[in-house]
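Protein chains in written order, with UniProt numbering: chain Z, 1 to 471; chain C, 1 to 454. Report on the structure given below.
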Amino acid sequence: MITESMSKQLKAIVGDKYFRTDPEALITHSYDGTPMLQALPDGVIYPETTAQVSEIMKIASANRIPIVTRGSGSNLCGGTTPLQGGIVMVMHRMNQIIEVDMENLTATVQPGVITGHFSKHIEELGLFYPPDPSSMKISTIGGNIAECSGGLRGLKYGTTKDYVLGLTAVLPSGAVIHTGGKLAKDVAGYDLTKLLVGSEGTLAVITEAILKLIPPPKTKKTMVAMYKDIYGAARTVSKIIQQHIIPATLEILDNPTIRVVDDFAKIGLPLDMAAILIIEQDGEPEMVERDIEAIYTICREEQADRLEIAQTREEAEKLLTARRSAFTALARLRPTTILEDATVPRSKIAEMILRTNTIAIKYNVNIATFGHAGDGNLHPTATTDARDSEEVHRVEEAFAEIFEAAIALGGTITGEHGVGSVKAPYLEWKVGEAGIEVMKGIKAAFDPHHILNPGKMFAKETRKRLVIHHG
Amino acid sequence: MASPTGKFGKPAIEHSNPLARTLLEKLDYDQLTNCMRCGFCLPACPTFHETGMEPASPRGRIAMMKAAVDGLMVPDQQFKDQMNLCLGCRACEPACPADVKYGQLIEQTKEAIAEHAHYTAPVKILRNTLFKKVFPKRGSLKLLGGTLALYQKSGLKKMARASGMMRLFPKHLAEMESIMPPASSKGVVERLGTFYPAQGEKVGTAAMFRGCIMDVMFAGTNVNTVELLSAAGFDVHIPDAQVCCGALHAHSGEINDARALAKANIEVFKKLDIDYIVSNAGGCGALLVEYDHLLMQDDHYREDAKWFAERVIDVSTLLVAKGNPLRFAEQAAGQEEVKVTYQDSCHLRNVMKGAHAPRVLMKKVANTEYIEMVDADRCCGSAGIYNVVQPEMAGDILAHKMEHANNTQASYMLTSNPGCLLQMKLGIEKHQPQQTMRAMHLVDFLRERMISSK
Ligand SMILES: Cc1cc2nc3c(=O)[nH]c(=O)nc-3n(C[C@H](O)[C@H](O)[C@H](O)COP(=O)(O)OP(=O)(O)OC[C@H]3O[C@@H](n4cnc5c(N)ncnc54)[C@H](O)[C@@H]3O)c2cc1C
Ligand code: SF4
Ligand code: SF4
Chain Z
1 MITESMSKQL KAIVGDKYFR TDPEALITHS YDGTPMLQAL PDGVIYPETT
51 AQVSEIMKIA SANRIPIVTR GSGSNLCGGT TPLQGGIVMV MHRMNQIIEV
101 DMENLTATVQ PGVITGHFSK HIEELGLFYP PDPSSMKIST IGGNIAECSG
151 GLRGLKYGTT KDYVLGLTAV LPSGAVIHTG GKLAKDVAGY DLTKLLVGSE
201 GTLAVITEAI LKLIPPPKTK KTMVAMYKDI YGAARTVSKI IQQHIIPATL
251 EILDNPTIRV VDDFAKIGLP LDMAAILIIE QDGEPEMVER DIEAIYTICR
301 EEQADRLEIA QTREEAEKLL TARRSAFTAL ARLRPTTILE DATVPRSKIA
351 EMILRTNTIA IKYNVNIATF GHAGDGNLHP TATTDARDSE EVHRVEEAFA
401 EIFEAAIALG GTITGEHGVG SVKAPYLEWK VGEAGIEVMK GIKAAFDPHH
451 ILNPGKMFAK ETRKRLVIHH G
Chain C
1 MASPTGKFGK PAIEHSNPLA RTLLEKLDYD QLTNCMRCGF CLPACPTFHE
51 TGMEPASPRG RIAMMKAAVD GLMVPDQQFK DQMNLCLGCR ACEPACPADV
101 KYGQLIEQTK EAIAEHAHYT APVKILRNTL FKKVFPKRGS LKLLGGTLAL
151 YQKSGLKKMA RASGMMRLFP KHLAEMESIM PPASSKGVVE RLGTFYPAQG
201 EKVGTAAMFR GCIMDVMFAG TNVNTVELLS AAGFDVHIPD AQVCCGALHA
251 HSGEINDARA LAKANIEVFK KLDIDYIVSN AGGCGALLVE YDHLLMQDDH
301 YREDAKWFAE RVIDVSTLLV AKGNPLRFAE QAAGQEEVKV TYQDSCHLRN
351 VMKGAHAPRV LMKKVANTEY IEMVDADRCC GSAGIYNVVQ PEMAGDILAH
401 KMEHANNTQA SYMLTSNPGC LLQMKLGIEK HQPQQTMRAM HLVDFLRERM
451 ISSK
């Protein structure tokens, strides 16, 4: 509970307008992008500076009030749902691009800046910030860092973690730390920068970030390959990488996704295909030509039933429509859409997709899979109705089995969306008991009173492992 | 949390709050459930853009509607204020992956609010006069037009302005008054009759929806619309018995009045053998294309409403898609190219999906350079009567809009809806000190530059 005097102190820090406890504020900060999850906070605060965040943390610590840091609330893991009440701290007012350093090729930004705005700004300066989560139009850089978000360009360019050089962060005690810097090399002590990337708001509040920028690729070429045999598609993926070609984008859609997309976008996709690969290469013109030619040959060898190379940017956009509309098409099928991100080594994607299809049939649920074939990051997506508790239960059972299958294939329960509260019961499956203990130790070192995003990352109880019969 | 009644039912809650009860009854619970709270609509929303606060976003508003229905929140004054702050521009709809019908949800909410509203006496009289007397009846509107014209022409206007009489009105009303165009009691039918034949090779038959405000304040634009259509090869009917589209009613929660008007219009147009029902006002067109939805529950009108909705099209979309090419005059030698820019009509863009055609047309006009304004697709803050009832938010939005407008350095600011046109005129008057820009309806601009074959 927030007392009258606490409320006064908080308002004194941020101004009357920016600490709210009215019903409208509480209701609209009770959720994030995660289906079927809602919990009311006790207050909502909008800080504007690192100093304000520090003052807020001191009060929260002294009173043991949970603080849930929030960017745009687009995460899919329950990351900003205030499960134990407390105060939701919205970072939107801290949305400045402080500096773009053209000599060191770095940008210094506040965490509330929208990823898409930032990317565009950087492009206009003739530079390139590669991380491109599909939610970049709305997600914040702070949220991207806290979730270590990935995107379509992950295979070639890496994910958010590869572009964070330094951070300013406020600890629960109110102390401010600065990690890393505009440095390509830095081994002074533990790498706290990397530790805070992906920490999901459980260790510290990020209030500033130094990001790495790179020169943009000169050209880009797009092609599509369609397969009746999903293994052909999978072998194509492996072979491309084996031949030391790293495409900028290498995406896959499975048959259930193809059907839904075609029904939605009416682009005449062949419904008898088991998989479609969408491939893009960027870089120096000669290299791009050479790579696309080599990839084309591989697709041929692997019995692709249809192959298309875009000759113009418009044609490329058309080829990309199928991938771009996958989520939208699925989201429109039923009221509730559950988008997961089980990830496997890339050599196992065919296996994983087929297992997912079998699991969906077994539980009689609708699951379509698309995703980043190049880095093995798949998005099995279930469409259901939150009001149908019996079906939702089957969906949950199916996902538990999908996570188990991913781990069995040497993969992980989440490639980019994070653990939050939703995957917390499965974390131990991936990292083991000792792994959990180390992580809990780290958590205690940063946040001894457990006020930062409580109820996330660590579950009260690990879910019982399923026994899977392979056959 | 509330438990649902059936597989797809609404929560079985006996709300003690009367507004909550009505919201539960009126709101489409499937649509509320369809919102997956992804937040993709936030960047599109002007009120979120201005405030930076989730309650003023589409996702926030839907969450509050659902919370009220689910019994998590009492729909108090703050709730109503937040719903009324929504412009109804529907920019959130095309941004939504899940195809949530936000426009319907906000209309249902406003309808519920209107049912429980205790308006002050003057507001009640104003609503009553406008919604029940003026808009539904052409006679009254014409009378209003006549009175306005008289007021404007007789010099009373000057006197009123000079004597500072307008200062007695709230500031924003006074501002609006200064940009009102000369009203007229002579509408398009009085000027052209009820039928205007195609010129050249005939390509189709259209019926003109003249709109009530359009025909009083912008009758000239209606005439130009008919002439453009005719030049592009359309026979044009202008049925005189047509009435107001009902959009202002629907957006203000007077949904039954809107339905009655829809039925009247359907009866009128159904009598004609036509391919298209043409609108030149995004605000009207957007409701006309949704007549099928408006009368979905009406067994008697459902089929005819569908017939009607399928034929509704914006004048620019029709000209581009089906019309014979228009011929535009070259400018006299030595004259410089004129720069034109465009403010989208939200409803034309977001509901009628007609953002492309106006741009195609502008680019075709000889000796003009089309400059896309930054955030042209963002609402200008006019939104029906929004600038009158939410002057502060509308003012902020307009100030930002005009920064972008001024950056284009265009001499013409074109638009496709009377509300937007007035708002742009206001913007130029308030935020463009040199007044080098002229706001104009796209149709008037095209007509001005077209070579008549007559
Ligand atoms: C349709 C859809 C598509 C998506 N596609 C992708 C995708 O392609 N790739 C991908 O990786 N993700 C994707 N996501 C997930 C989500 O958008 C990302 O995780 C994104 O980074 C979240 O950003 P946000 O600003 O919304 O953060 P929020 O959701 O507000 O917060 C996410 C987490 O970060 C923490 N946090 C936020 N700001 C700070 C801060 N300043 N300091 C400390 N902690 C902070 C929060 O506590 C929370 O744990 C998608 C989501 C949706 C709805
Ligand atoms: S984009 Fe659609 S589904 Fe997403 S939050 Fe907005 S209304 Fe809801
Ligand atoms: S209609 Fe316009 S103002 Fe209203 S929520 Fe949607 S985008 Fe925002």
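Quick reminder that beta carbons are idealized off the backbone N, C-alpha and C, glycines included. Quantities reported herein were computed from a predicted structural model and do not represent experimental measurements.
At a cut-off of 8 angstroms, the C-beta of Met-65/C has no neighbouring C-beta in chain Z. Glu-251/Z places its beta carbon less than 8 angstroms from that of His-372/Z. For the segment 370-385 of chain C, the set of residues with a beta-carbon nearer than 9 angstroms to any beta-carbon of chain Z is empty.
Contact check for Val-243/C against Tyr-196/C fails: the beta carbons are separated by 8 angstroms or more. Looking at Glu-293/Z, Glu-314/Z, Arg-313/Z, the one whose alpha-carbon comes closest to that of Leu-307/Z is Glu-293/Z.
In the three-state reduction of the DSSP assignment, Val-236/C falls in the strand class.
Remark: C-beta atoms of Leu-165/Z and Ile-114/Z do not approach each other more closely than 8 angstroms. The Cβ-Cβ distance between Arg-59/C and Leu-42/C falls below 8 angstroms. In the DSSP assignment, Gln-343/C falls within the beta strand (DSSP E) that extends over 338-343.
In the three-state reduction of the DSSP assignment, Met-226/Z falls in the strand class, which pools E and B.
Under a criterion of Cβ atoms nearer than 7 angstroms, the residues of chain Z adjacent to Glu-54/C are, in order, Thr-28, His-29.
Under the criterion of beta carbons closer than 8 angstroms, Gln-52/Z and Val-14/Z qualify as touching, at roughly 6 angstroms. At a cut-off of 8 angstroms between C-beta atoms, Arg-387/Z counts as an interface residue with respect to chain C.
Taking 7 angstroms as the cut-off, one finds at least one heavy atom of ligand 2 near enough to the beta carbon of Ile-62/C. Identification of chain Z residues near Thr-47/C by a Cβ-Cβ cut-off of 9 angstroms yields none; the smallest Cβ-Cβ distance measures about 13 angstroms. Using a Cβ-Cβ distance cut-off of 8 angstroms, the segment 206-215 of chain C and the segment 267-282 of chain C are in contact, since at least three pairs of beta carbons, one from each stretch, lie closer than that value.
In the three-state reduction of the DSSP assignment, Gly-419/C falls in the helix class, which pools H, G and I. The segment 90-110 of chain Z makes contact with the segment 195-212 of chain Z, as at least three CB pairs between them are under 8 angstroms. For Phe-327/Z, at least one C-beta of chain C is nearer than 8 angstroms to its own C-beta. For Gln-281/Z, the enclosing beta strand (DSSP E) stretches over residues 275-283. At a threshold of 7 angstroms, Leu-87/C counts as near ligand 3, since its beta carbon sits closer than that to one of the ligand's heavy atoms.
DSSP places Asp-254/Z inside the beta strand (DSSP E), whose first and last residues are 249-254. In this chain, the beta strand (DSSP E) harbouring Ala-107/Z covers 106-109. Between the alpha carbons of Gly-285/C and Ala-231/C lies a gap of roughly 22 angstroms. Residue pairing for Lys-221/Z: DSSP places it in a beta bridge opposite Gln-281/Z.
Shown here, Glu-302/Z sits in coil according to DSSP, grouped into three states, outside any helix or strand. In the three-state DSSP reduction, Met-450/C falls in the strand class (E or B).
If you compare the alpha carbons of His-300/C, Ser-382/C, Pro-358/C, Lys-26/C with that of Leu-414/C, the shortest gap goes to Pro-358/C.
Gly-411/Z and Glu-111/C have their C-alpha atoms roughly 52 angstroms apart. Here the C-alpha atom of Glu-461/Z lies approximately 6 angstroms from the C-alpha atom of Pro-425/Z. Placement of the Cβ of Met-439/Z at a distance of 7 angstroms or more from every heavy atom of ligand 1 is found.
By the Cβ rule, the segment 218-229 of chain Z does not count as touching the segment 176-195 of chain Z, because fewer than three pairs are nearer than 8 angstroms. For Ile-98/Z, the uninterrupted beta strand (DSSP E) run begins and ends at 97-101, by DSSP. Chain order gives no chain C residues near Asp-42/Z, where near means a beta carbon separation below 7 angstroms; the closest approach is about 15 angstroms.
For Glu-372/C, there is no enclosing beta strand (DSSP E), as DSSP marks it with neither H nor E. The nearest non-hydrogen atom of ligand 1 is less than 7 angstroms from the C-beta of Asn-75/Z.
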